[in-house]
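Here the protein sequences line up with chains A and B, keeping their order. Sequential numbering of the first sequence, starting at 1, is according to our numbering. Sequential numbering of the second sequence, starting at 1001, is according to our numbering. The beta carbon of each residue, even a glycine, is placed where N, CA and C say it ideally should be.
Number of protein chains: 2
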Amino acid sequence: MAIVIIRQDGKSEEWKSAIQELAPDTNVYVHGDDFPKEEVSMALVWKHPENSLNQYPELKLVSSMGAGVDFILEDPGLPEQVAISRVVDPLLAEDMSEFVLALVLGHIKNLNTYHGDHRRRWWQPIAYTRIKDTSVGIMGLGQLGAKVALDLKGAGFQVSGWSRSSKDIPGITTYAGQEGLSDFLNDTNVLVCLLPLTPETEGMLDEKFFEKVEEGTYLINVARGGHLVENDLLMAIENGKISGASLDVFQQEPLGVNHPFWEHDNILITPHVASVSDMDSVASLLLENYRRLTDGDALRFEVSRSRGY
Amino acid sequence: MAIVIIRQDGKSEEWKSAIQELAPDTNVYVHGDDFPKEEVSMALVWKHPENSLNQYPELKLVSSMGAGVDFILEDPGLPEQVAISRVVDPLLAEDMSEFVLALVLGHIKNLNTYHGDHRRRWWQPIAYTRIKDTSVGIMGLGQLGAKVALDLKGAGFQVSGWSRSSKDIPGITTYAGQEGLSDFLNDTNVLVCLLPLTPETEGMLDEKFFEKVEEGTYLINVARGGHLVENDLLMAIENGKISGASLDVFQQEPLGVNHPFWEHDNILITPHVASVSDMDSVASLLLENYRRLTDGDALRFEVSRSRGY
């Protein structure tokens, strides 16, 4: 039994050390090194190359090293029978929640506008909005979305939530499915996308969607770049449906220097930093599932191929 | 018995209407109009002209129309025997608390830096700091400071406080006086100035003060421009003692277009908007003290001339 780490960002060795520090007797290999492939029962992957997984004949479990599994499900070389899991790190949800709170507050206190005014040496007071007068709508009520919704509610915001299938979260008004979308959007000044990326949600934030939002809605996308049709956002800003946006994720990352988003003062661009895996915390969660796999126990955070999360 | 409103920002009539809407039988005059001066027992002032107060022979009470009274105490024409009061509007403290939270979160999530990177089209992820790992030090533990300290504590920050005389706030480590200042500053990553402006605190944030702070402390001044020696801040940023600042108040407002602060990317300038009086809420508090003055009851929010707040 062994673990293989497959990623293309040069951080594999660092992860190997983090895992072996926690469990020195575990066999951990790095994809591309020379080692007996048939030993491997679990692959830890982050944006792995296509057709890397099928080099491991005894593979039982592929685990994302983060919360997202879209890149695993999109891999045409994903072996049929392997289980898929992901990491639900409480710190990731905590960090996401803090970041979203920072973005929402920055928006209602006009800090983004004051940054632009600074550049022009303008002194121009603008009326702020109070927390209690701000309705935040959270799209996606999974581990991250539910945490963010509850924390914003706790901070005093009016919070509602939308998800594909109906969810019940204490104190949060929830809407579900296409039929619930218009009511949800009517209720929302600030829209936070925390959806999983699936074939159903890919490109969901498009022209048709923006037609349904309240005039002047502020958009925060901290999920995946694939949720947003970027040109449609530019049009929605142009016609005033969307007043501005904080975007942490993009169709292509890093965002190219010629991308039109850079020219927009009312788009705050952050370089995919809302919530970054804490290596030790993630390593211990990955090891727990490796132990469960080895012992034949039920896996944690297993992903349904059909649902996509 | 009558009230006179003295301010120079063209908003006197608007205030008069707000007060008379709440109490239609109250005599309210605007300074500069023609009316019997000896009727006036209470003056409502905001940055009034010098030697305006001594035109009212029967004046008993001067009330600031905001939280600050520095401009009243600095008026050489302030009659000797009149009482002084101010407005302690719970909404002002609430708004201040929200604004400070927005600034602290923006700082620890590097949003100010990302705004600068946006201008340069730079994609440069920076490690964020978590709320629980951030020590915020609040200078000034009056109505505003105490509220901000408790709210930040509630949000999960490590919070300590400093004031001239010792204060006890549940859950907050407090320091007092010159002898407590170094320990307070050792404990602080983010420093929030919410001091009253008095002869003792004027220019307190100066070169000597910045020598005592921890390397890389972030400064937030939402009190008065007079607390900060502006050139000394520039030096402290230059030598790294201060990593950056959010300034809402300045020695001179509006900040002149040639002021060196505009050139600094790591100074976020906001145009004195942290907390703006809500007219109805303030008007009802002012009327309450007018009723108390008229009935001979104890005043609320009376200010000590010797303490300056």
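For residue j and residue i, the rounded distance between their alpha carbons
i	j	result
A:GLN178	A:ASP168	17 angstroms
A:GLY203	A:PHE71	16 angstroms
B:PHE1035	B:PRO1079	20 angstroms
B:VAL1159	B:VAL1249	23 angstroms
A:LEU234	B:VAL1088	44 angstroms
A:GLU230	B:PRO1271	33 angstroms
A:LEU150	A:ILE172	8 angstroms
A:ASN112	A:ASN266	7 angstroms
B:ASP1297	B:SER1304	18 angstroms
B:GLN1143	B:TRP1122	42 angstroms
A:LYS208	B:THR1129	38 angstroms
B:ASP1295	B:LEU1195	33 angstroms
A:PHE301	A:LEU44	14 angstroms
B:LYS1047	B:GLU1013	16 angstroms
A:PRO254	B:PRO1254	39 angstroms
A:SER322	A:LYS212	Because chain A spans 1 through 309 in this model, residue 322 of chain A falls outside it and cannot be assessed.
B:VAL1069	A:ALA155	31 angstroms
B:ALA1018	A:PRO125	22 angstroms
B:ASN1186	A:SER246	35 angstroms
A:ALA83	A:LEU73	11 angstroms
A:ASN51	A:PRO76	7 angstroms
B:THR1198	A:VAL100	38 angstroms
A:TRP162	A:THR201	12 angstroms
A:GLY244	A:ILE138	17 angstroms
B:GLU1058	B:ASP1033	17 angstroms
B:GLN1081	B:TRP1015	26 angstroms
B:GLY1251	B:GLY1226	Residue identity differs from the one stated: residue 1251 of chain B is Gln in this sequence, not Gly. So the alpha carbons of these two residues sit roughly 5 angstroms apart.
Boundaries (first-last residue) of the beta strand (DSSP E) holding residue i
i	result
A:TRP377	As shown, chain A starts at 1 and ends at 309. That puts residue 377 of chain A outside it, with no answer to give.
B:ARG1007	1002 to 1007
B:TYR1029	1028 to 1030
B:VAL1062	1061 to 1064
A:GLY177	Run containing A:GLY177: none in the beta strand (DSSP E); it sits in the alpha helix (DSSP H), 177 to 186.
B:LEU1191	1190 to 1193
A:TYR218	217 to 221
A:ILE242	242 to 247
B:ALA1083	1083 to 1085
B:LEU1268	1267 to 1269
Own chain, CB closer than 8 angstroms to residue i, minus 5 neighbours either side, in chain order
i	result
A:ASN27	MET1, ALA2, ILE3 and GLU39
B:THR1134	VAL1104, ILE1108, PHE1157, GLN1158, ASN1189 and VAL1190
B:SER1165	ALA1176 and GLY1177
B:LYS1153	VAL1159, GLY1171 and ILE1172
A:ALA299	In the sequence on display, residue 299 of chain A carries Leu and not Ala. LEU61, ALA83, SER85, ASN289, ARG292 and LEU293, listed in sequence order.
A:PRO49	ILE6 and GLN8
Beta-carbon contacts of residue i that lie in its chain and below 7 angstroms, excluding the five residues immediately before and after
i	result
B:PRO1170	none
A:MET42	ILE3, LYS60, LEU61, SER63, TYR290 and LEU293
A:TYR56	VAL4, LYS37, VAL40 and ALA43
A:GLN20	THR26 and VAL28
A:PHE184	GLY137, SER160, TRP162 and TYR175
B:ASP1280	ALA1018
Boundaries of the alpha helix (DSSP H) in which residue i is found, first to last residue
i	result
A:LEU103	90 to 108
B:TRP1015	1012 to 1022
B:LEU1044	Looking at the DSSP string, B:LEU1044 is not in any alpha helix (DSSP H); the run it does join, the beta strand (DSSP E), is 1040 to 1046.
B:ILE1072	1070 to 1073
A:MET135	The sequence shown places Ser at residue 135 of chain A, not Met. Run containing A:SER135: none in the alpha helix (DSSP H); it sits in the beta strand (DSSP E), 135 to 139.
A:TYR290	279 to 295
B:GLY1116	1111 to 1120
A:LEU144	143 to 155
A:ASP232	230 to 238
B:PHE1210	1207 to 1212
Proximity winner among the options, relative to residue i (alpha-carbon distances)
i	options	result
A:GLY240	A:PRO254, A:GLU253, A:ALA43 and A:PHE210	A:PHE210
B:ARG1224	B:TRP1122, B:GLY1140 and B:LYS1011	B:GLY1140
A:LEU22	A:ALA283, A:TYR309 and A:TYR29	A:ALA283
A:PRO90	A:TYR114, A:ALA146 and A:GLY77	A:ALA146
B:LEU993	B:ARG1086, B:ASN1054 and B:ASP1009	Given that chain B is displayed from residue 1001 to residue 1309, the structure contains no residue 993 of chain B and the question cannot be resolved.
A:HIS31	A:PRO24, A:ASN54 and A:GLY137	A:ASN54
A:GLY216	A:PRO199, A:LEU197, A:ALA236 and A:THR198	A:ALA236
B:MET1065	B:GLN1081, B:ASP1033, B:PRO1049 and B:ARG1007	B:ARG1007
B:TYR1218	B:GLY1226, B:LEU1268 and B:GLN1251	B:LEU1268
B:VAL1148	B:GLY1180, B:GLN1252, B:ALA1102 and B:ALA1127	B:ALA1102
Nonlocal neighbours in the same chain, by C-beta distance under 6 angstroms from residue i, ignoring five residues either side
i	result
B:LEU1228	LEU1205 and ASN1221
* Segment contact flag, the segment 250 to 261 of chain A with the segment 110 to 123 of chain A, C-beta cutoff 8 angstroms, min 3 pairs -> no
* Cβ pair count under 8 angstroms reaching 3, the segment 1189 to 1209 of chain B against the segment 1087 to 1107 of chain B -> yes
* Could you say if the segment 1087 to 1099 of chain B and the segment 1272 to 1283 of chain B meet the contact criterion of at least three C-beta pairs nearer than 8 angstroms? => yes
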